[in-house]
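Quick note: the sequence shown uses the UniProt record's numbering, first residue 1, plus one each step.
Cβ atoms here follow ideal geometry from the backbone N, Cα and C, with glycine treated the same way.
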Amino acid sequence: MTNSPVNILIVDDIAHNITALEALLARPGVELLVANSGTAALDLLLKHEAALAILDVNMPGMNGFELASLMRGSPRTSHVPIIFLTATAEDASRTFRGYEAGAVDFLHKPFDPRILQSKVDVFVQLEQHKRQLAEQLLATRQLLEANEMLMAVLGHDLRTPLGTVLASAEYLVRNAPDEQSGAVAGRIRNSSLRMSRMVHQLLNLARLQGGRMQLQPRPSELATLCRGVIEEFAAHERASQIVFTSRGNTTGNWDTDLLWQAISNLISNALHHGERDSPITVDVNAEESNRLRLTVSNRGAIPAAILPHLFEPFGSANAGERSREGLGLGLHIVHKIVHMHGGKVTGASDEIFGTVFTVELPRTAQSWVS
């Protein structure tokens, strides 16, 4: 597509004017479409896409202004830039009429050939850039489609056997004949759980990145939502360390499914990366009338080099021990979900206060994305 010539339409009823323009504008990568009347020009535009039209104003039958008006009235040609050429003495009213008809420029003969060449070069380059962008957009769409197909395979074909592995590992843990067998089964179970989290994160990221996941806000209570998420971690070995507090009116309108995922990711992050013998605090402050603040905190510090990249996809890829727990997508998904609601999320961490993630949400999801 980018290698095909760029079409430029030349319309003039005088043959030697056309010959002069052809000699001036001919170059590799440019195809000149020539017409000696407005009617002939319209026929050419029905068959070819033009990047620029150079129209003589004074033509018998259909003049340049009338041709431009017809071009602007058709969706196929309304976007084509127009340069008017005229041998008539410069007149403000005619020039204004030319720009009113949709011209990007209005040149009076005799004009400087270098000026016209420069103007044409600009529109040729614009057309080439437009084609490159169109090809990049097509490639991106194809990549997204391939990504969605891969995610479908992950979601269906991989989850089924993974579920079987998890169930089998759990059975072996509960019925291990000796301590060594139980330890091996426990490693299988834990590795399978990590793989399950990775698959879940990849599926959510694919939906969010592809724009397939739309907000569906409904009345809900953030405190109740948090308690429900915490209950999901009841089987976790550190579940008793999760402390929940709330104050104020925690009602609002949010997409509870997406918000559930965001809260779950934050708590899971604290469970996996916080100090093992310290509490994990989940707090909802709803004392303000127009927004709520959710914080999830734990003891233990995130390395300073990682802090600027917390919410980037695969941001923990260089995080040493942290990278073993997943793909580094959990916080990125949190960031996207919170932004979809018109809120913001921040993270702070040091050796004194530990790690605190703060989510600020409007009472009503605003579907705003920066």
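Check                                                                                                                  : Outcome
Beta-carbon proximity of R218 to T256, cut-off 9 Å                                                                     : yes
Residue from I280, E170, N249, A51 with nearest C-alpha to V122                                                        : A51
Where I352 falls: helix, strand or coil (DSSP)                                                                         : coil
Nearest-angstrom Cα separation, counted from M340 out to L144                                                          : 20 Å
Straight-line gap, N190 to R159 (C-alpha atoms, nearest Å)                                                             : 15 Å
Nearest candidate by alpha-carbon position, reference N265, set R187, R27, D105, V229                                  : V229
Collapsed DSSP secondary structure at I54 in the structure displayed                                                   : strand
Contact belief for V120 with I8 at Cβ below 8 Å, rounded distance in angstroms                                         : 7 Å
Residue burial classification, L133 (beta-carbon count within 10 angstroms, cutoff 16)                                 : exposed
Assigned exposure category for E127 - 16 Cβ within 10 Å defines buried                                                 : buried
Entirely enclosed alpha helix (DSSP H) segments - the UniProt domain "Response regulatory" (7-124), minimum 4 residues : 15-25, 38-47, 64-72, 92-100
Simplified DSSP assignment, three categories, for R227                                                                 : helix
Length of the line joining the Cα atoms of F65 and V57                                                                 : 6 Å
Buried or exposed by the 16-neighbour rule on C-beta atoms within 10 Å, applied to F84                                 : buried
Coarse secondary structure for D157, derived from DSSP in three states                                                 : helix
Length of the line joining the Cα atoms of I115 and A15                                                                : 22 Å
CB contact flag (S240, D283, <9 Å)                                                                                     : no
Helix, strand or coil at N269 [DSSP, three-state]                                                                      : helix
Local Cβ density within 10 Å of D12, reported as buried at 16 or more and exposed below that                           : buried
G274 - containing beta strand (DSSP E), residue span                                                                   : Element bounds for G274: n/a, residue is neither H nor E.
For S297: DSSP bridge partner residues                                                                                 : T281, V356
Residues that DSSP places opposite G248 in a beta bridge                                                               : A286
Residue from L172, Q117, H273, P308 whose Cα sits closest to the Cα of A20                                             : Q117
Exposure of F311, with buried meaning 16 or more beta-carbon neighbours within 10 Å                                    : buried
Proximity to G274 [Cα-Cα], best of F353, L172, L25, R27                                                                : F353
CA-to-CA distance, T164 to R174, given in whole angstroms                                                              : 16 Å
Buried versus exposed call for L225 [16 or more other C-beta atoms within 10 Å across all chains shown]                : buried
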